[in-house]
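Plus 451 on top of the position in the sequence shown (first one is 1) and you've got my numbering.
We treat Cβ as the ideally placed atom computed from N, Cα and C, and that holds for glycine.
Quick notes on the structure that follows.
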Amino acid sequence: MHDLLYVLILYINLVLFAWLYFYVRRHRKVVAVHLGMNIAMAMGGLVALSAGIFLIFQYPFHFTAITMAAALAGMVAGTFFGALFDYQTVLTGLINGMMMGLMAPMLGAIVTEPYFFTVILEVFIALIISVLFTAVKRS
Numbered sequence: 452m453h454d455l456l457y458v459l460i461l462y463i464n465l466v467l468f469a470w471l472y473f474y475v476r477r478h479r480k481v482v483a484v485h486l487g488m489n490i491a492m493a494m495g496g497l498v499a500l501s502a503g504i505f506l507i508f509q510y511p512f513h514f515t516a517i518t519m520a521a522a523l524a525g526m527v528a529g530t531f532f533g534a535l536f537d538y539q540t541v542l543t544g545l546i547n548g549m550m551m552g553l554m555a556p557m558l559g560a561i562v563t564e565p566y567f568f569t570v571i572l573e574v575f576i577a578l579i580i581s582v583l584f585t586a587v588k589r590s
């Protein structure tokens, strides 16, 4: 049952990230380049972190495949968010997504209390998404 919970949380996170992408896309003309770079870095990292940790919780002995999948997911997300602004932001989002994708499965593999860690991680993800939403709204 707890494996299904991790898949559900990962799905909810990805839906929230997609919702934020379309929100930022709608308001990209009023977002400054510096905020855009922060958004691309944060979202590339969050997608990679979420994918890497929850996939390693789901499939604990598939380190190589999960590391590649998390890095690829982070790179794609960082590229998509960065492409809303400029090429330098694309590169920053791509590299940050790759680095977080390489580190997230390592972090997920050493966690001894996955439920507690999941709660704390989801609080941080919700906080970062709300800060980004507010920053885009105020710009």
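Through-space distance from residue j to residue i, alpha-carbon basis
| i | j | result |
| --- | --- | --- |
| PHE512 | LEU461 | 18 Å |
| MET557 | PHE532 | 25 Å |
| PHE468 | MET551 | 16 Å |
Cβ-based burial, residue i [other Cβ within 10 Å; buried from 16]
| i | result |
| --- | --- |
| SER501 | buried |
| ALA455 | Note that residue 455 is Leu in the sequence shown here, rather than Ala. Flag for LEU455 reads exposed. |
| ILE463 | exposed |
| VAL587 | buried |
| VAL498 | buried |
Cutoff 7 Å; reference residue i; Cβ partners in own chain excluding five residues on either side
| i | result |
| --- | --- |
| MET549 | ALA522, GLY525, MET526 |
| LEU535 | VAL475, ARG476, ARG479, GLY487 |
| ASN547 | MET492, GLY495, GLY496, GLY529 |
| VAL541 | THR530, GLY533, ALA534 |
| GLN509 | ASP454, TYR457, VAL458 |
| PHE568 | VAL562 |
Cβ-heavy atom distance, residue i to the ligand ADP, below 7 Å
| i | result |
| --- | --- |
| ILE576 | Here there are no bound small molecules, and the ligand ADP is not part of this structure. |
Three-state secondary structure assigned by DSSP to residue i
| i | result |
| --- | --- |
| ALA483 | coil |
| GLU573 | helix |
| VAL527 | helix |
| THR563 | coil |
| TYR472 | helix |
Same chain, Cβ closer than 8 Å to residue i, five either side skipped, listed in chain order
| i | result |
| --- | --- |
| SER590 | HIS478, VAL481, VAL482, ALA483, LEU486 |
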